[in-house]
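Student: Questions regarding the structure given below will be posed in turn.
In our numbering, the protein residues as written are 298 to 592.
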């Protein structure tokens with residue numbers, strides 16, 4: 298029989314992820330319970346267990362919790378065990394500085410994609426991903442991880458269930474083919490969309506976990522029916538760039554991480570977008586090579 302994961306361990310992981318999103322802040326038990334969507338008494342019990350292991354620390358006299366010192370040791374060990382993320386972070390920071398932009402490192406975790414690091418050298422305005430932010434691996438999110446393997450791409454499309462009509466599935470397949478051909482994902486802002494999508498900032502700032510999840514599911518459902526990915530862009534076309542993502546492959550050829558460049562607030566030509574895409578893809582290739590994938 299399959300072994301189910303421990304609910305207490307899952308809740309501990311939830312709390313640590315929430316706290317990692319804003320590591321400099323301290324939280325009350327009630328705030329963390331609301332963010333994680335669990336009873337206050339359960340949250341209190343899990344936090345006490347984490348505190349005993351040094352993973353969180355309780356600040357007196359406010360009785361608020363922050364990440365503990367042992368998380369530093371865990372982080373160092375994780376970086377040593379995962380050279381892909383370390384190499385991707387080095388390239389992401391260099392790219393952000395070079396382009397005066399915001400660049401994030403993401404990775405697939407179970408059935409989600411999570412932001413692992415953010416390097417922000419961009420202008421003050423615009424949406425910023427935050428460390429710890431997650432989205433489900435369903436269309437349109439996570440294409441950068443699945444476009445390179447036919448079986449994974451079919452599974453990814455299947456997660457959309459009956460929400461997609463046949464012509465929409467064909468559209469996503471063409472988009473995946475375009476990603477493989479270019480080597481990177483281009484996402485554009487669709488100013489002509491009939492229904493505006495929910496605000497990304499709600500997903501990042503709301504303390505109400507249930508509300509955030511509802512907003513996330515609404516966002517996913519709406520964006521499955523929009524032209525989120527660009528198949529081809531004419532060099533002289535005027536577009537607004539949302540983001541460009543390129544995969545970082547590990548030694549087995551799996552897309553284990555990605556670099557994501559956030560688009561500027563102003564418009565670009567297709568030629569400029571593709572030039573940026575090549576820079577992101579080159580940085581991702583260097584990260585994979587530095588981590589030992591042999592590419």
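Each residue gets a CB set at the ideal place from its N, CA and C atoms; glycine is no exception.
Would you mind sorting residue 593 into buried or exposed? The rule is 16 or more other CB atoms within 10 Å of its CB.
Tutor: Because the chain here runs from 298 to 592, residue 593 falls outside it and cannot be looked at.
Student: How is residue 547 classed by DSSP in three states: helix, strand or coil?
Tutor: The answer is coil: DSSP assigns residue 547 none of H, G, I, E or B.
Student: Along the alpha helix (DSSP H) that carries residue 345, what are the first and last residues, could you check?
Tutor: Unbroken alpha helix (DSSP H) run through residue 345: 337-349.
Student: What residues in its chain sit with their C-beta under 6 Å from that of residue 537, if we drop five residues either side in the sequence?
Tutor: Correct list, in chain order: 486 and 564.
Student: Near residue 335, which residues of its chain fall below 6 Å by C-beta distance, leaving aside the five closest residues on each side in sequence?
Tutor: Closer than 6 Å at Cβ, skipping near neighbours: 308.
Student: Using 8 Å for Cβ pairs, my map puts residue 389 next to residue 556. What's the rounded Cβ distance?
Tutor: Their Cβ separation, rounded to whole angstroms, is 5 Å, which keeps residue 389 and residue 556 in contact under 8 Å.
Student: Hey, could you find the ends of the alpha helix (DSSP H) residue 381 is sitting in?
Tutor: Segment 380-396, the alpha helix (DSSP H) holding residue 381.
Student: Looking at C-alpha atoms only, which residue of 340, 322, 315 and 323 is the closest neighbour of residue 304?
Tutor: Answer by Cα proximity: 340.
Student: Going by DSSP in three states, residue 554 sits in which element: helix, strand or coil?
Tutor: Looking at residue 554 - three-state DSSP - the assignment turns out to be strand.
Student: What span of residues does the beta strand (DSSP E) with residue 354 cover, start to end?
Tutor: Where residue 354 is concerned, the enclosing beta strand (DSSP E) stretches over 353-356.
Student: Taking only three categories from DSSP, how would you classify residue 570?
Tutor: Three-state result, residue 570: helix.
Student: Cα-Cα, which of 319, 331 and 440 is closest to residue 364?
Tutor: Of the candidates 319, 331 and 440, the one whose C-alpha sits nearest the C-alpha of residue 364 is 319.
Student: Cβ of residue 401 within 7 Å of Cβ of residue 415?
Tutor: Yes, the pair counts as a contact, with Cβ atoms nearer than the cut-off.
Student: Looking at the unbroken beta strand (DSSP E) that takes in residue 282, where does it start and where does it end?
Tutor: No statement about residue 282 is possible, as the shown extent of the chain runs from 298 to 592 and does not include it.
Student: With DSSP as the reference, label residue 325 as helix, strand or coil.
Tutor: Looking at residue 325 - three-state DSSP - the assignment turns out to be coil, as it is neither helix nor strand.
Student: When the Cα atoms are used, what is the spatial distance from residue 455 to residue 356?
Tutor: Their backbone Cα atoms lie some 46 Å apart in a straight line.
Student: Could you tell me the distance, in whole angstroms, from the CA atom of residue 362 to the CA atom of residue 465?
Tutor: Near 46 Å, if we compare the C-alpha coordinates of residue 465 and residue 362.
Student: Suppose you measure from the CA of residue 463 to the CA of residue 469; what does that come to, to the nearest Å?
Tutor: Cα-Cα distance, rounded: 10 Å.
Student: On a CA-only basis, which of 397, 413 and 383 is nearest residue 314? Give me that one, please.
Tutor: With distances taken between Cα atoms, residue 314 lies closest to 413.
Student: Quick check: what's the CA-CA separation for residue 505 versus residue 331?
Tutor: Caution is warranted here: a pLDDT of 45 is assigned to residue 505, below 50, making its placement in the model unreliable, and the coordinate value is therefore given only provisionally. Straight-line Cα distance between these residues: approximately 6 Å.
Student: Name the residue from 422, 379, 382 and 476 whose alpha carbon lies nearest to the alpha carbon of residue 397.
Tutor: Ranking 422, 379, 382 and 476 by Cα distance to residue 397 puts 422 first.
Student: Which class does residue 416 belong to by DSSP, given the choice of helix, strand or coil?
Tutor: If DSSP states are grouped into helix, strand and coil, residue 416 belongs with the strands.
Student: When DSSP labels each residue in this structure, what does residue 359 get in the three-state scheme?
Tutor: In this structure, residue 359 counts as coil in the three-state DSSP scheme.
Student: Starting from residue 304, follow the beta strand (DSSP E) in both directions and report where the run begins and ends.
Tutor: That residue, residue 304, is in no beta strand (DSSP E); its alpha helix (DSSP H) goes 304-318.
Student: Among all the DSSP beta bridges, which residues are the ones paired with residue 410?
Tutor: In DSSP, residue 410 forms a bridge with 405 and 432.
Student: Ordered along the chain, which non-local residues of its own chain (more than five positions away) have a Cβ less than 6 Å from that of residue 325?
Tutor: 361, listed in sequence order.
Student: According to the Cβ coordinates, are residue 333 and residue 312 closer than 7 Å?
Tutor: Going by C-beta atoms, residue 333 is nearer than 7 Å to residue 312.
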